[in-house]
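**Student:** Numbering (my numbering), first residue to last: 36 to 309.
Backbone N, C-alpha and C define an ideal beta-carbon position, used for all residues, glycine too.
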Ligand code: 9MG
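Below you can see the structure in the form of structure tokens.
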């Protein structure tokens with residue numbers, strides 16, 4: 036599979052459903068951290084029209100503490116194997132650890148989603164030795180402290196420069212650009228204003244000619260703007276999904292699959308006549 040195949044010209048945006056398998060899952064209250072519940076959640080997302088399931092065994096929310104490799108492997112790999120055995124669905128593994136990437140690829144992962152853009156030791160080599168697409172996300176700082184004082188002189192320009200550098204590093208290592216997906220990393224070391232500037236100007240990354248992933252679902256950029264708790268952010272999440280899709284985002288990463296699929300279908304119907 037190449038990531039380039041994910042690129043959209045008219046609206047054919049893919050929906051990536053979030054499956055957090057951490058005890059402190061971001062906004063499902065850890066409801067789906069048990070194995071069986073996770074599989075039920077996958078089945079539901081498939082019937083709701085999901086294109087890709089993104090499994091994450093490390094919490095990357097602001098302030099999150101590190102998880103050991105052994106814990107992450109034990110959370111992610113058995114679930115990946117079970118999903119691949121039971122369902123016909125693409126699976127992305129959200130990890131920054133080389134060993135988790137390696138095991139995930141062996142067990143059939145379709146995409147590696149790395150919020151640290153393959154900057155951790157060994158990650159480039161693992162990807163170079165595979166043919167799996169990879170999502171390179173931008174983050175300023177590290178999850179524990181990234182929201183303390185984010186600063187940019189030019190948020191779009193600096194993120195674009197980061198992408199250009201990481202694409203070059205990947206290509207030099209033998210990961211060709213056809214396998215790369217880019218993600219500006221909403222909420223990862225960005226103020227509220229910077230997040231909305233990024234969302235409004237997502238099209239500015241189009242000249243890199245790679246698929247874009249947008250992940251705003253239920254994030255603080257919505258909660259803080261609207262003064263809504265995490266379970267009250269659906270309208271905000273859908274609005275941001277549509278704004279991203281209108282600028283040709285190829286993948287939207289969401290908690291609320293059914294509602295997002297519906298919203299994208301409505302958008303797609305209007306785009307036929309534009
Ligand atoms: C794991 N994770 C949490 N938020 C994310 C986002 O916005 N993008 C990507 N690629 N991964 C994310």
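Hey, residue 194 and residue 178: beta-carbon distance below 8 angstroms or not?
**Tutor:** Counting from 1 along the chain shown, the entry for residue 194 is found at position 159. Counting from 1 along the chain shown, the entry for residue 178 is found at position 143. Contact flag unset, no.
**Student:** What's the gap between the Cα of residue 147 and the Cα of residue 305?
**Tutor:** Numbered from its first residue, the chain shown carries residue 147 at position 112. Numbered from its first residue, the chain shown carries residue 305 at position 270. Cα to Cα, residue 147 sits roughly 32 angstroms from residue 305.
**Student:** When the distance is taken between beta carbons, is residue 174 closer than 8 angstroms to residue 190?
**Tutor:** Translated into positions along the chain shown, residue 190 becomes position 155. Translated into positions along the chain shown, residue 174 becomes position 139. Contact flag unset, no.
**Student:** Pull every residue with its beta-carbon under 6 angstroms away from any heavy atom of the ligand 9MG, and keep them in chain order.
**Tutor:** 91, 95, 129, 148, 150, 170, 172, 218, 220, 221, 248, 250, 288
**Student:** Mind checking residue 241: buried by the 16 CB within 10 Å criterion, or exposed?
**Tutor:** On the chain shown, position 206 is the one that residue 241 refers to. Looking at its Cβ environment, which holds fewer than 16 other Cβ atoms inside 10 Å, residue 241 is exposed.
**Student:** Under 8 angstroms: do the region 121-135 and the region 78-94 share three or more Cβ pairs, one atom per stretch?
**Tutor:** yes
**Student:** Would you give the residue range spanned by the alpha helix (DSSP H) that residue 115 belongs to?
**Tutor:** Against the chain shown, residue 115 aligns to sequence position 80. Element bounds for residue 115: 104-121.
**Student:** Within the same chain, show all residues whose beta-carbon is closer than 6 angstroms to that of residue 140, passing over the 5 residues directly before and after it, in chain order.
**Tutor:** By 1-based counting over the chain shown, the position of residue 140 is 105. Same-chain partners within the cutoff: 165, 167.
**Student:** In the region 238-287, which residue ranges form an unbroken alpha helix (DSSP H) of at least 4 residues, counting only runs that do not cross its ends?
**Tutor:** 255-261, 269-281
**Student:** Under a Cβ-count criterion, where at least 16 other Cβ atoms within 10 Å of its own Cβ denotes burial, should residue 252 be classed as buried or exposed?
**Tutor:** Numbered from its first residue, the chain shown carries residue 252 at position 217. Flag for residue 252 reads buried.
**Student:** Taking the alpha carbon of residue 181 as the reference point, which residue from 95, 209, 205, 290 has its own alpha carbon closest?
**Tutor:** Taking the chain shown and counting its residues from 1, the one referred to as residue 181 is at position 146. The candidate whose alpha carbon is nearest that of residue 181 is 95.
**Student:** Using a Cβ-Cβ cutoff of less than 8 angstroms, which residues in the same chain neighbour residue 57 once the five nearest sequence positions on both sides are dropped?
**Tutor:** Position 22 of the chain shown, counted from the start, is the residue given in the question as residue 57. Only 65, 68, 91, 92, 93, 94, 102, 110 meet the Cβ criterion.
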